[in-house]
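> This structure is in C-alpha cells; I'll ask about it shortly.
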Amino acid sequence: MKNVYKPITAEIVDVITETPTIKTFVVRPRETIAFKAGEFMEVTVPGVGEAPFTPSSSPSVKDTIDFTIMKVGKVTEAIHDMEKGALVGVRGPFGKGYPLDAWKGKEILIVGGGVGGAPLRALFLALVERLGDFKKILYCYGARTPQDIVYKKQIMEEWPRIDPKKVEIRLTVDEGDETWKGNVGVVTTVVKDLGLNLNNSVAIVCGPPIMMKFATFRLVEIGYPDNAIYLSMEKNMSCGIGKCGHCMLGEYMVCKDGPVLTYDLIKDKPAIWD
Amino acid sequence: METHYVTEADFVSLLSRLEKQGDLYVATHEDDKVAIKPFSEVGDFTYPGVRAFQPLKPLFFSMLEEVAEYPTEEEALRESKPFAIIGAASCDLRAIQALDRVFLEGDFKDPFYEERRRKGLIVSFDCTDPLDTCFCVLMGLNPYPEGGFDLNLTKVEGGYIVEVGSDKGKKVVDENKSLFKPATENHLSQRQAIRSKVTETVEKQSKEFRPAAAWQEILARAFDDSAWARNVETCVECAACLFICPTCQCFLLYDERAGDRYKRLKMWDACAYRNFAKVAGGANPRPHLVERFKHRYYHKLDYFPKNYGFEACTGCGRCIVACPGKIDMRKVLKEVCKS
Ligand SMILES: Cc1cc2nc3c(=O)[nH]c(=O)nc-3n(C[C@H](O)[C@H](O)[C@H](O)COP(=O)(O)OP(=O)(O)OC[C@H]3O[C@@H](n4cnc5c(N)ncnc54)[C@H](O)[C@@H]3O)c2cc1C
Ligand code: SF4
Ligand code: FES
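Order-wise, the sequence lines are chains A and B. For the first sequence, position 125 matches number 125 in this note's numbering, and the numbering has no gaps at all. For the second sequence, position 198 matches number 198 in this note's numbering, and the numbering has no gaps at all.
Spelled out as C-alpha cells, the structure:
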C-alpha cells in the first residue's frame with residue numbers, strides 16, 4: 001500500500017535567483033518522477049509545511065525538476081532561505097496537465113504574468129520539443145518591471161531565436177526603466193493583432209488572479225470560444241488528491257479536475273477569480 | 001438476502017465473542033440520547049432505535065492522526081486492529097457511502113481510511129424511535145437500511161432479525177451458527193409492520209419540508225436568495241454543524257518536528273472557517289460568512305450529487321441539534337425553496 005501523504009526526499013541541486021522575489025529551485029528527487037506540463041506537485045519544506053507548485057522545467061528532463069517560487073508566505077519564505085544541498089520533499093504529480101495531443105495542428109496563444117510564467121515555461125518547452133505538431137506559438141508575458149521578468153535570458157534571447165516564423169515572444173512591463181525598450185502596459189495590451197486564426201487556436205492563461213480575469217475577458221472579446229481558453233486556477237490546496245475539500249470551485253476539485261480548467265466549465269461558478 | 005433470528009441473550013453472547021476478535025463499539029442509551037461506546041464499558045446491548053448523537057466517521061477518519069513521517073525510507077503503513085460497530089442507522093450507512101466515494105475513488109486512495117474500512121464490521125439496525133429532527137426521507141433514504149451494512153438488525157419479539165449484507169457479515173453468522181435460528185414468516189411480517197410505521201412517522205414530520213422539485217433544481221435558482229443571509233444571522237462560526245456532520249470530510253495536513261524527524265498530521269477542518277479557502281496574497285473566494293454558509297448547502301446538495309450521484313446530506317439532523325444558533329437546515333431549505 002502506497003502512502004500518498006508521504007513526501008519523497010529531494011535534494012536542492014541548484015538555486016537560481018530570477019527576480020528580487022522569485023527563485024528557481026532545481027531539485028533531484030530520490031525516485032524518478034515523471035510529470036506532464038501543467039501537472040503540479042506538493043513541495044514540503046521539512047517541519048514547515050507543504051505548498052503546491054507546478055514544475056517549470058521541461059517534462060522530458062527526467063532526473064531533476066525545477067520549481068520557480070515566489071516568496072509570499074510561510075512555506076515560500078522558508079524555501080527561499082534554503083541553499084544548494086538542502087533537502088525538501090515532493091509529492092505528486094497531481095491534477096491534469098495541458099492536453100497537448102488535443103492541440104495538434106493548432107495555433108497556440110500563451111498569456112502569462114509574474115510567477116505564472118512557471119507552468120508556462122514547462123508548457124512552452126514541451127510544445128517546442130514537438131514544434132512540428134503545432135502551427136504557431138505566440139507567447140505573451142507581462143511583469144511588473146523589467147527586473148521582475150522570470151527566465152530573462154531564455155525569454156529575451158533564446159526563445160525568440162527558436163524558429164522566428166513559428167514562435168513569437170511578446171514582452172511587456174507595467175512600469176519600464178531606463179534600459180527597457182519594449183512595450184509598457186499590462187499584458188492585455190500586447191494581446192492584440194495576434195495574426196492567429198481564432199477558429200483553430202487555443203489560449204492558455206496563467207498569472208495573478210487579476211491578470212487572469214482581464215486576460216480572459218480580453219480573449220473572449222477578441223473572439224476565443226470559452227472552451228478554447230485554458231486557465232490555471234490557483235486555489236487553496238492541502239491534499240492535492242481530491243479529498244480535503246480546500247480547493248473546491250463549484251463542484252470542481254481544482255487539484256484533481258484541474259488545475260487547468262477551460263473557461264466554459266467554470267465561468268458560472270461562484271468567485272472564480274478570488 | 002439471507003435472514004436469521006437471534007434472541008437478545010444470544011446476541012449478547014455474540015458480542016462477547018466479537019469482542020475477542022478486536023475493538024467492539026456498541027450503541028447504548030445514555031440519558032435521553034444514544035451514544036456509541038466501547039462494549040467493555042457497557043457490557044450489554046439495548047436496541048438503539050435511532051442514530052447515536054455522534055457520527056460514526058471518527059472510527060474511519062480520525063479527528064487527528066499521523067499520516068507520515070519523513071525523511072525515512074518507505075515505512076509500512078500501520079495496520080489497524082479489527083473492530084466492529086453495532087448500531088449504525090440507515091443515515092449512518094449513507095454517510096459511510098459518501099465518505100467511501102471521496103476517500104476511495106479516483107487515482108489516489110486515502111490509505112488510512114481504506115485500512116479502517118477493511119478492518120471494520122458494520123452492524124446496522126432499523127430505526128424504531130426517530131427523533132423529531134430526523135428527515136432521512138427527504139434525502140432519498142428510508143429509516144431502515146437497504147444496503148451498505150455487513151449485518152442489519154430489526155427488533156422483533158424476544159430478539160432480532162439479522163439480515164446478512166456482505167461476505168464479512170456472512171462470515172460472522174457462519175462462525176457462530178449455533179446462536180442463530182431461522183427467521184420466521186411472523187418475524188418478517190413484524191419487520192414489515194415496523195418499517196411501514198416508522199417510515200410513516202418520519203414522512204409525516206418531514207412533510208412540511210418536502211421540496212417541490214429536486215434539490216439540485218432548487219439550488220440552481222437559489223444562489224442569490226435573501227433567505228441565506230437571513231438564516232445565517234444567528235451563526236457563531238463554531239463549525240459544530242460540520243464537525244458533527246457524518247459526511248463532512250474536509251481536513252488539513254500540517255507538519256511538525258519530532259526529534260530528528262518530521263511528522264505530518266491530518267486534522268479535521270471546516271469550510272465555515274474564514275481562511276479555509278484563502279490563498280497567499282489574500283484572495284479569498286468566500287470571505288463572508290453567508291458565502292461559507294451557502295457553500296455547505298451547495299456542497300451537500302448540488303456539488304456532491306454532480307460528482308457522485310447522490311446527496312451528501314443524510315437527513316440525520318445532527319447539525320440541527322448541535323447548532324447553538326438554532327439554525328435548522330430543513331427550515332433554511334424551505335425558505336430558499338419558497339422563492
Ligand atoms: C496548482 C498550483 C500551482 C502553483 N504553482 C506555483 C508556482 O509554480 N510558483 C509559485 O510561486 N506559486 C505557485 N502556486 C502558489 C503557491 O502554492 C502559493 O504561493 C503557496 O501556497 C504559498 O504558501 P505560503 O505558505 O508561502 O503562504 P502563506 O501565505 O504563509 O500561506 C498561505 C496559506 O494558504 C494555504 N494555501 C494552500 N494552498 C494555497 C495556494 N494555492 N496559494 C496560496 N496559499 C495556499 C497555505 O497552506 C497556507 O496555510 C501554485 C498554486 C497552485 C494551486
Ligand atoms: S434520520 Fe432516519 S435513519 Fe437516521 S436516525 Fe433518524 S429515522 Fe433513523
Ligand atoms: S487540495 Fe485537497 S481536495 Fe483539492
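Heads up, the beta-carbon is just placed ideally off N, CA and C, and yes, glycines get one too. Note that the structure is a prediction, hence the values are computed from the model and not measured.
Please indicate yes or no: does the CB of Glu165(B) lie closer than 8 Å to some heavy atom of ligand 2?
Mapped onto the second sequence, residue 165(B) falls at position 165. Here residue 165(B) is Gly; the residue named in the question, Glu, does not match the sequence. The answer is no for Gly165(B).
> Hey, Val173(A) and Thr145(A): beta-carbon distance below 9 Å or not?
As a first step, residue 173(A) must be located in the first sequence, where it is residue number 173. As a first step, residue 145(A) must be located in the first sequence, where it is residue number 145. A contact, by the Cβ cut-off of 9 Å.
> Report yes if the C-beta of Asn183(A) is less than 8 Å from at least one heavy atom of ligand 1; otherwise report no.
Taking the first sequence and counting its residues from 1, the one referred to as residue 183(A) is at position 183. No - ligand 1 has no heavy atom lying nearer than 8 Å to the Cβ of Asn183(A).
> Per DSSP, Glu50(A) forms a beta bridge with which residues?
Numbered from 1 along the first sequence, position 50 holds the residue referred to as residue 50(A). According to DSSP, Glu50(A) bridges with Thr44(A).
> Just confirm the distance between the C-beta atoms of Tyr25(B) and Lys37(B), as a whole number of angstroms; I'd bet it's less than 8 Å.
Counting from 1 along the second sequence, the entry for residue 25(B) is found at position 25. Counting from 1 along the second sequence, the entry for residue 37(B) is found at position 37. Tyr25(B) to Lys37(B), Cβ: 7 Å. Contact.
> Between Glu18(A) and chain B, is the shortest Cβ-Cβ distance under 9 Å, so that the two count as touching?
Here residue 18(A) is taken as the residue at index 18 of the first sequence, counted from 1. Judged by the 9 Å Cβ criterion, Glu18(A) is not in contact with chain B.
> Just to check my reading of the structure: Leu265(B) and Glu256(B) have Cβ atoms closer than 8 Å, yes? What is that Cβ distance to the nearest angstrom?
Here the question's residue 265(B) lines up with position 265 in the second sequence. Here the question's residue 256(B) lines up with position 256 in the second sequence. That belief holds up - the Cβ atoms of Leu265(B) and Glu256(B) are roughly 6 Å apart, short of 8 Å.
> In chain order, what residues of the same chain have a beta carbon less than 6 Å from the beta carbon of Ser56(A), not counting five sequence neighbours either side?
On the first sequence, position 56 is the one that residue 56(A) refers to. Only Asp66, Thr68, Ala118, Arg121 and Ala122 meet the Cβ criterion.
> Is there a Cβ from chain B that is less than 9 Å from the Cβ of Met41(A)?
The residue labelled residue 41(A) in the question sits at position 41 within the first sequence. No, its Cβ sits nowhere closer than 9 Å to a Cβ of chain B.
> Under 7 Å Cβ-Cβ, which residues of chain A neighbour Lys306(B)?
In the second sequence, counting from the first residue as 1, residue 306(B) sits at position 306. Going along chain A in sequence order, the residues near Lys306(B) (Cβ under 7 Å) are Glu251.
> Could you name the residues of the same chain whose beta carbon sits closer than 6 Å to that of Ala37(A), not counting the 5 residues immediately before and after it, in chain order?
Here the question's residue 37(A) lines up with position 37 in the first sequence. Only Pro59, Gly97, Tyr98, Ala122, Leu123 and Ala126 meet the Cβ criterion.
> Just the chain A side, please: which residues come within less than 7 Å of Tyr5(B) by C-beta, in chain order?
Start at 1 with the first residue of the second sequence, and residue 5(B) comes out as number 5. Per Cβ cutoff of 7 Å: no residues; Tyr5(B) is ~39 Å from chain A at best.
> Between the segment 274-288 of chain B and chain E, which residues of the former have a C-beta closer than 9 Å to a C-beta of the latter?
In the structure shown, chain E does not exist; the protein chains are A and B.
> Let me know the beta strand (DSSP E) ranges lying completely inside the segment 144-171 of chain B, each 3 residues or longer, listed in chain order.
Within the segment 144-171 of chain B, the complete beta strand (DSSP E) runs of at least 3 residues are 151-156 and 159-164.
> His295(B) lies in the alpha helix (DSSP H); which residues open and close that run?
Mapped onto the second sequence, residue 295(B) falls at position 295. Where His295(B) is concerned, the enclosing alpha helix (DSSP H) stretches over Leu289 to Tyr298.
> Between the segment 204-213 of chain B and the segment 160-168 of chain B, can you find at least three pairs of beta-carbon atoms closer than 8 Å?
Result no; under three Cβ-Cβ pairs closer than 8 Å.
> Could you confirm whether any beta carbon from chain B is found closer than 9 Å to the beta carbon of Ser232(A)?
Taking the first residue of the first sequence as 1, we reach residue 232(A) at position 232. Cβ-Cβ to chain B under 9 Å: no for Ser232(A).
> In whole angstroms, give me the CA-to-CA distance for Ala52(B) and Thr199(B).
Position 52 of the second sequence holds residue 52(B). Position 199 of the second sequence holds residue 199(B). For Ala52(B) and Thr199(B), the distance between alpha carbons rounds to 18 Å.
> Any heavy atom of ligand 1 closer than 8 Å to the CB of Ser54(A)?
Taking the first sequence and counting its residues from 1, the one referred to as residue 54(A) is at position 54. Note that residue 54(A) corresponds to Thr in the displayed sequence, not to Ser. Result yes, Cβ under 8 Å from ligand 1.
> Considering only their Cβ atoms, is the gap separating Val187(A) from Val111(A) smaller than 9 Å?
The sequence position of residue 111(A) within the first sequence is 111, counting from 1. The sequence position of residue 187(A) within the first sequence is 187, counting from 1. Yes. Within cutoff.
> Confirm the yes/no value for this check: CB of Val202(B), any heavy atom of ligand 2, distance under 8 Å.
Residue numbering aside, residue 202(B) sits at position 202 when the second sequence is read from its first letter. Yes, the Cβ of Val202(B) comes within 8 Å of a heavy atom of ligand 2.
> Buried or exposed, going by whether 16 or more other CB atoms sit within 10 Å of the CB of Ile162(A)?
Start at 1 with the first residue of the first sequence, and residue 162(A) comes out as number 162. Exposed, by the Cβ-count rule.
> Please find out if some non-hydrogen atom of ligand 1 comes closer than 8 Å to the beta-carbon of Phe67(A).
Within the first sequence, residue 67(A) is the residue found at index 67, counting from 1. Yes, the Cβ of Phe67(A) comes within 8 Å of a heavy atom of ligand 1.
> Could you give the distance in angstroms between the alpha-carbon of Cys91(B) and the alpha-carbon of Tyr5(A)?
Your numbering for residue 91(B) matches position 91 in the second sequence. Your numbering for residue 5(A) matches position 5 in the first sequence. In a straight line, the C-alpha of Cys91(B) is about 30 Å away from that of Tyr5(A).
> Are the Cβ atoms of Ala183(B) and Ile161(B) separated by less than 9 Å?
Here residue 183(B) refers to the residue found at position 183 when the second sequence is read from its first residue. Here residue 161(B) refers to the residue found at position 161 when the second sequence is read from its first residue. Going by C-beta atoms, Ala183(B) is nearer than 9 Å to Ile161(B).
> Rounded to the nearest angstrom, what separates Gly259(B) and Gly182(A) at their Cα positions?
The sequence position of residue 259(B) within the second sequence is 259, counting from 1. The sequence position of residue 182(A) within the first sequence is 182, counting from 1. Rounded to the nearest angstrom, the two C-alpha atoms are 54 Å apart.
> Could you check which residue in Cys244(A), Lys256(A) and Leu261(A) has the C-alpha nearest to that of Trp425(B)?
For residue 425(B) there is no data in the structure shown, the boundaries of chain B being 1 and 339.
> With a threshold of 9 Å between beta-carbons, can Leu77(B) be considered close to chain A, or not?
Here residue 77(B) refers to the residue found at position 77 of the second sequence. Closer than 9 Å: yes.
> In terms of residues, what are the limits of the alpha helix (DSSP H) holding Val232(B)?
Here the question's residue 232(B) lines up with position 232 in the second sequence. Where Val232(B) is concerned, the enclosing alpha helix (DSSP H) stretches over Ala227 to Val232.
> Starting from the Cα of Val72(A), find the closest Cα among Gly223(A), Lys23(A) and Lys213(A) and give me that residue.
Start at 1 with the first residue of the first sequence, and residue 72(A) comes out as number 72. With distances taken between Cα atoms, Val72(A) lies closest to Lys23(A).
> Glu114(B) to Ile85(B), Cα distance in whole Å?
Your numbering for residue 114(B) matches position 114 in the second sequence. Your numbering for residue 85(B) matches position 85 in the second sequence. Near 16 Å, if we compare the C-alpha coordinates of Ile85(B) and Glu114(B).
> When the Cα atoms are used, what is the spatial distance from Phe45(B) to Ser16(B)?
Numbered from its first residue, the second sequence carries residue 45(B) at position 45. Numbered from its first residue, the second sequence carries residue 16(B) at position 16. C-alpha separation (whole angstroms): 11 Å.
> Answer with buried or exposed for Arg117(B), where buried requires no fewer than 16 other C-beta atoms within 10 angstroms of its C-beta.
Within the second sequence, the letter at position 117 stands for residue 117(B). Its Cβ being crowded by 16 or more others within 10 Å, Arg117(B) is buried.
> Of all the residues that make up the segment 105-130 of chain B, which are near chain A by a beta-carbon distance shorter than 7 Å?
Residues Gly106, Phe108, Asp110 and Pro111.
> Is the number of C-beta pairs between the segment 285-297 of chain B and the segment 118-137 of chain B that are closer than 8 Å three or more?
Segments in contact, no.
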